[in-house]
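Asks:
In the working numbering, the protein residues as written are 142 to 397.
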């Protein structure tokens with residue numbers, strides 16, 4: 142047997158699909174693009190991207206629809222697929238947010254949301270409404286960044302610093318003063334208009350089936366609930382997130 146030490150296999154690169162997601166990738170981290178594939182109908186969009194890859198000596202190629210589906214791993218590729226260095230949420234080294242975290246009126250915090258499509262949709266809405274960061278919990282159910290999340294985010298994840306907490310309740314308690322920590326709950330919370338706007342809001346969003354864990358709820362300073370009709374109990378978490386981002390995102394300029 143060999144005495145060579147075991148080396149873990151490096152993570153598979155991300156396959157980032159769709160014009161919006163690929164253009165955002167080239168805008169935010171072009172040095173991490175490994176190669177590009179495009180279909181005939183995407184030549185115009187791919188042209189400037191190929192020029193960049195030619196300058197950096199990275200490969201690119203026009204492919205047919207069937208080959209694109211094989212490369213992208215999905216039929217929802219939008220005719221453009223970039224292969225990029227794998228990206229994951231950045232683990233926080235301790236129990237505090239970075240002091241240089243970009244300022245924004247809203248910090249979405251996801252705890253136990255395992256569906257990568259929901260993660261991507263929330264990231265897309267968060268970037269649209271001006272968030273600059275996204276915080277994930279250490280819950281084993283919580284999805285991390287993935288091909289599906291990048292595709293659904295339509296470029297939104299490229300505009301967010303994505304962090305991951307080891308112990309979310311401890312982190313939330315330490316955030317008080319810097320943020321107002323608000324848990325989104327299906328019932329029993331304040332309407333969005335009653336939530337104070339004297340500081341940025343960290344909005345906690347949880348698993349649709351079980352909601353937020355009790356320890357997370359207890360660590361939050363306030364709870365918010367969207368009122369709906371009697372016909373539906375609740376919204377999908379990504380849809381509820383978008384509504385709450387719009388309702389809570391306006392922070393007075395002096396307090397931002």
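For glycine and all other residues, C-beta sits at the position ideal for the given N, C-alpha and C.
All values reported here derive from a predicted model rather than from experimental measurement.
Please go through the same chain and pick out, in chain order, the residues whose beta-carbon is closer than 6 Å to the beta-carbon of residue 305, but skip the five residues on each side of it.
Replies: 230, 232 and 277
Asks: From 270, 220, 240 and 236, pick the residue whose C-alpha is nearest to that of residue 388; which is it?
Replies: 270
Asks: Going by DSSP, what residues sit across from residue 274 in a beta bridge?
Replies: 302
Asks: Using DSSP with H/G/I as helix, E/B as strand and the rest coil, what is residue 396?
Replies: Note that residue 396 has pLDDT 40, beneath the 50 cutoff, so the model's placement of it is unreliable and no number is given.
Asks: Taking residue 186 as the reference, which of 152, 196 and 223 has the closest Cα?
Replies: 223
Asks: Could you give the DSSP three-state label for residue 181: helix, strand or coil?
Replies: helix
Asks: Taking Cβ positions, are residue 289 and residue 298 nearer each other than 8 Å?
Replies: Against a cut-off of 8 Å, the Cβ pair of residue 298 and residue 289 comes out as no contact.
Asks: Would you kindly check if the distance between the Cβ of residue 344 and the Cβ of residue 301 is under 8 Å?
Replies: no
Asks: So what does DSSP say about residue 317, is it helix, strand or coil?
Replies: Under the three-state reduction of DSSP, residue 317 is assigned to strand.
Asks: Check whether the region 156-169 touches the region 186-196, counting contact only when three or more Cβ pairs, one atom from each stretch, lie closer than 8 Å.
Replies: When C-beta atoms of the region 156-169 are compared with those of the region 186-196, three or more pairs fall below 8 Å, so the two segments count as touching.
Asks: Once DSSP output is grouped into helix, strand and coil, what is the label at residue 188?
Replies: The answer is helix: DSSP assigns residue 188 an H, G or I state.
Asks: According to DSSP, what are the bridge partners of residue 251?
Replies: 277 and 346
Asks: Determine the direct distance from the alpha carbon of residue 263 to that of residue 350, and round the result to whole angstroms.
Replies: Taking the straight line from one Cα to the other gives about 17 Å.
Asks: Does DSSP put residue 215 in a helix, in a strand, or in coil?
Replies: coil
Asks: Please report the distance separating the alpha-carbon of residue 257 from that of residue 273.
Replies: Between residue 257 and residue 273, the C-alpha separation is close to 19 Å.
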